[in-house]
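Participant: Before I ask anything, here is the structure I am working with.
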Amino acid sequence: MATDENINKLQRKRSTLRSKVTRLTGKLNNEDGIDKAFDVELLEDTLQDLKLMNETIHDLLNDEDYERDTVDCEKYFDTAKLAIFNTKRKVSANINVSSSEFSPPSSINTSVKLPTIKINTFFGGIEEFPSFWERFNSCIDSNASLSLVDKHVFLRGYLDGETKRLVDGISVIGDTYETTKKLLEDKYGNKDRIIQSHLDYLENLKPVQNPSPMELNDLYIECNRRLQALNALGENTEAYGRILAPKIIRAFPTEICCRWIIYAKRHWPQNCETVTDYKTRVQKLKNSNRCFLCTNRGHRIANCPRKSIARCIKCKKQLHVSICPPKNTQLLITNSEVNHINIPRTIFTHLQTACLYVTGPTGITKLTRCILDGGSQASFVDVKLIDKLKLNVINSSSLRVQAFESSFTQEQRRCVQLTLSGLWSKQSILITAFESNNWYTTHPSATLEISQFAHKNKLKLADPPDNSSLPVELLIGGDYYWQIVTAESPIKLSDSFVMVPSMLGWIFSGSRTHTTIADNTFVHQFSVQVSNDCLNDQVRCFWELDSIGIQDIQKRRMSARVEEILSKFHKSTTAVLGIDWDTNDDTLGNAFKTSFCFSGGKPLTKRWLLRCIASCYDPLGLFSPFTIIGKILFQDTWILGIKWDELTNKLINHVVCCSEAT
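The structure is reproduced here in structure tokens:
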């Protein structure tokens with residue numbers, strides 16, 4: 004309320020000054036006499052007071068009221084200055100009336116005072132220079148009523164910081180105005196640097212730490228401002244979509260971003276009910292150059308930063324849950340006897356199909372499939388592709404189309420221009436084609452056998468099996484057929500099936516039966532049932548040990564030297580391990596249990612118990628069922644505090660006796 008009262012008070016004072024200006028202006032325009040010089044001086048002083056009053060009021064107004072009030076103020080100043088100018092000219096003409104008849108009129112230099120112009124101070128931000136320079140150029144530089152010195156003064160007044168230090172060494176005169184302008188334009192007006200500055204900001208966006216509505220709105224406005232600036236500089240921002248879109252989305256919280264790139268609705272990928280086919284989802288990820296694990300662009304699973312932590316929750320493999328392959332319950336293999344296998348020979352004719360990129364004049368590129376038909380006199384392109392890529396229409400003519408076994412049609416069709424390029428090379432070709440509303444039937448791409456053959460011989464297929472789901476949207480006729488097909492020799496796979504070389508890759512064509520092209524034959528599974536009755540006694544006798552020459556070691560004759568070595572071996576083994584091996588009965592015995600059995604009249608002391616345990620060497624614990632008895636007894640002696648040569652109590656004697664009995 005206090006501000007409104009101040010404005011009203013100032014406006015009343017200004018009304019008084021405006022009335023005085025109107026009165027003096029009318030007096031100068033209507034009267035003649037010597038008092039005009041006094042009226043001119045009085046009017047100039049009144050205008051100066053009115054200017055100060057206007058500035059005071061403008062500081063209290065909002066933007067809308069400020070613009071309206073500025074226009075109103077300009078009317079008073081223009082009328083008053085025109086009256087002053089005419090009065091001074093008349094007075095000068097009356098004084099120099101005699102000299103004016105013999106000499107040309109001298110030019111009158113006037114100083115025009117501009118109203119307050121809001122031009123933001125330029126501190127050196129390269130992306131802010133185009134906006135600053137456009138305002139300065141339209142308001143000051145293009146104003147013919149200003150002298151070069153005034154323009155230079157205004158320009159230096161709007162510079163600060165780095166830009167001010169850059170031109171401080173230049174004198175503020177009219178001759179150096181163009182030098183100052185050129186220095187600023189060379190430093191900050193480089194178009195490539197301005198574009199790169201906007202792109203650097205968008206690429207280096209950081210996620211919002213505190214995602215309040217105000218911060219999110221500021222981020223959105225800033226991103227939109229820079230995109231509009233790129234468009235104003237002549238850059239096609241749609242061409243940067245694959246690069247900038249993930250980086251901009253990364254700055255916003257995940258809960259407000261679209262979670263599913265295949266069908267952008269508010270649902271999780273695995274719950275998508277629109278695109279449910281597994282192969283369609285995989286193909287969409289391939290076409291958009293996305294990772295199969297995190298669905299982001301620009302890398303594969305091998306280079307994915309999440310490959311060490313991310314897994315599918317269904318199959319536990321390194322892939323996104325939305326493209327997890329469904330479980331096939333029909334892959335159960337059962338053994339069965341087969342006496343005869345009948346393989347039908349399915350004959351299929353492959354047309355010359357290829358996968359390629361189609362680019363429009365705006366730089367938008369789409370991956371699609373085409374059919375090469377040398378029997379067509381013209382090329383055709385789908386209407387939807389024309390609208391999507393915004394293809395240039397060259398002309399429109401009446402076209403007569405007649406297919407085999409069909410009546411001809413004649414209608415007005417547009418002829419468009421488009422650029423074609425292959426998957427494997429950067430070579431491109433510019434063609435023209437007529438629009439077509441017809442639907443091309445689906446055509447299968449290369450089979451697995453053809454792909455394996457091409458991979459083995461290092462051939463690049465023009466229509467790989469990965470892109471079989473893409474629609475056929477282009478027909479290349481005989482007008483451009485031989486510009487795409489190269490002069491290399493074709494590869495003949497059979498009597499009716501060949502592979503033709505082209506700038507798009509190797510194109511397969513002809514009829515073939517779905518048989519394997521590879522030279523090797525593989526057997527996946529077979530079942531053989533054998534009856535034991537087919538083995539007669541002679542065959543059985545052949546595998547007896549006696550017939551081979553293998554006999555029991557006890558039945559062989561050994562030399563005295565061998566018997567001596569074997570006896571020493573048994574003794575050393577028993578002495579070290581504490582284990583006896585009876586080769587005749589094939590049984591094991593331990594010296595530990597024998598020591599207990601033959602303890603007899605010896606006193607059962609702690610020392611004797613330790614000696615019995617040490618007599619069996621078992622580092623791996625293989626004979627722990629034998630040694631555990633002594634270890635338990637030795638542990639009890641420590642618990643009871645029995646000394647080394649002290650006799651054990653009756654309980655331990657009883658346990659030892661029970662152990663000997665077992």
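Just so we're aligned, residue 4 is where the sequence shown starts under the working numbering, counting upward by one.
Here a beta-carbon is modelled for each residue, glycine too, at the ideal position from N, C-alpha and C.
1. In angstroms with no decimal places, state the Cα-to-Cα distance between D431 and L394.
2. Just the Cα atoms here: how many angstroms apart are Y223 and F255?
3. On the DSSP letters alone, give me the boundaries of the alpha helix (DSSP H) that E452 sits inside.
4. Could you pull out every residue in the same chain whose Cβ sits closer than 7 Å to the Cβ of A521, ignoring the five residues on either side in sequence?
5. Using the DSSP secondary-structure output, state which residues sit across from M502 in a beta bridge.
6. Do you know how far the Cα of L45 is from the Cα of Y79?
7. With a cut-off of 8 Å on the beta carbons, I'd call S512 and V503 a contact; round off their distance for me.
8. May I have the straight-line CA-CA distance separating K310 from C297, to the nearest angstrom?
9. Looking at the structure shown, is T444 part of a helix, part of a strand, or coil, going by DSSP?
10. Under a Cβ-count criterion, where at least 16 other Cβ atoms within 10 Å of its own Cβ denotes burial, should M56 be classed as buried or exposed?
11. So, using beta-carbon positions, are E508 and D376 closer together than 8 Å?
12. Starting from S399, follow the beta strand (DSSP E) in both directions and report where the run begins and ends.
13. Where in the region 17-79 do unbroken runs of the alpha helix (DSSP H), each at least 4 residues long, occur, reported from the N-terminal end onward?
14. Count the other C-beta atoms from every protein chain shown that fall within 10 angstroms of the C-beta of G172, then say buried if there are 16 or more, exposed otherwise.
15. Among residues of its own chain, excluding the 5 on either side of L50, which ones have a beta-carbon nearer than 7 Å to its beta-carbon?
16. Inspect the CB distances between the region 461-468 and the region 415-422 and report whether three or more fall short of 8 Å.
17. Taking the C-alpha atoms as reference points, what is the distance between N227 and Y204?
18. Give me the Cα-Cα distance between I10 and K54, rounded to the nearest whole angstrom.
19. Please state whether the Cβ-Cβ distance between M506 and I494 is less than 8 Å.
20. Does the Cβ of C358 have 16 or more other Cβ atoms within 10 Å, making it buried, or fewer, making it exposed?
21. To the nearest angstrom, report how far apart T577 and G624 are at their CA atoms.
22. Helix, strand or coil for I374, going by three-state DSSP, please let me know.
23. For L392 versus N290, is the C-beta spacing smaller than 8 Å?
24. Look at the alpha carbon of F411 and the alpha carbon of R403, and state the distance between them as a whole number of angstroms.
25. Looking only at C-alpha atoms, which of T489, L643 and I632 sits nearest to C615?
26. Taking 8 Å as the limit between beta carbons, can you name the residues of its chain near E67, skipping five residues before and five after?
27. Applying the criterion that 16 or more other CB atoms from any shown protein chain within 10 Å of the CB defines a buried residue, is N470 buried or exposed?
28. Take every Cβ of the region 180-199, pair it with every Cβ of the region 121-134, and state whether three or more of those distances are shorter than 8 Å.
29. Going by alpha carbons, who is nearest to W485 out of S472, E241, R610 and G378?
30. Is H201 buried or exposed, if buried means 16 or more other CB atoms sit within 10 Å of its CB?
31. Please determine, among S448, T73, D52 and I635, the residue with the shortest C-alpha to C-alpha distance to K16.
32. In whole angstroms, what separates the C-alpha of F595 from that of R314?
33. I need the straight-line Cα distance from I316 to F295, nearest angstrom please.
34. Is the separation between the beta-carbon of V156 and that of V170 shorter than 8 Å?
35. Can the beta-carbon of L208 be found less than 8 Å from the beta-carbon of K250?
36. Just to confirm my understanding: we take R416, look at its own chain, exclude 5 residues before and 5 after, and list those with CB closer than 6 Å. What are they?
Facilitator: For this structure:
1. It is worth fixing the name first, because residue 431 is Ser in this sequence and not Asp. Cα to Cα, S431 sits roughly 16 Å from L394.
2. 9 Å
3. L451 to K459
4. Any reading at A521 must be qualified, since the residue scores a pLDDT of 40, below 50, and its modelled position is unreliable; the value itself is stated next. Cβ-Cβ distances below 7 Å link A521 to E452, Q455 and F456 in the same chain, with the five nearest sequence neighbours on each side left out; the list follows chain order.
5. Its beta-bridge partners are I494 and F511.
6. Annotation: Y79 to L45 spans about 15 Å, alpha carbon to alpha carbon.
7. Indeed they touch by this definition, with Cβ atoms about 6 Å apart.
8. 9 Å
9. coil
10. buried
11. Note on identity: in this sequence residue 508 is Gly, with Glu being the wrong assignment. No. Outside cutoff.
12. N395 to V404
13. Fully enclosed alpha helix (DSSP H) runs of 4 or longer: 39-61.
14. exposed
15. V24, F80 and A83
16. no
17. 12 Å
18. 15 Å
19. no
20. buried
21. With a pLDDT of 45 at T577, under the threshold of 50, the predicted position of this residue should be treated as unreliable, though the coordinate-derived value follows. Using only the alpha carbons, I get a separation of about 17 Å.
22. strand
23. no
24. 7 Å
25. I632
26. none
27. buried
28. yes
29. G378
30. Its Cβ being crowded by 16 or more others within 10 Å, H201 is buried.
31. D52
32. Its pLDDT being 49, under 50, F595 is placed unreliably by the model, and the measurement read from it follows with that caveat. Each residue's Cα considered, the two are about 56 Å apart.
33. 14 Å
34. no
35. Closer than 8 Å, so yes.
36. L402, F437 and E438
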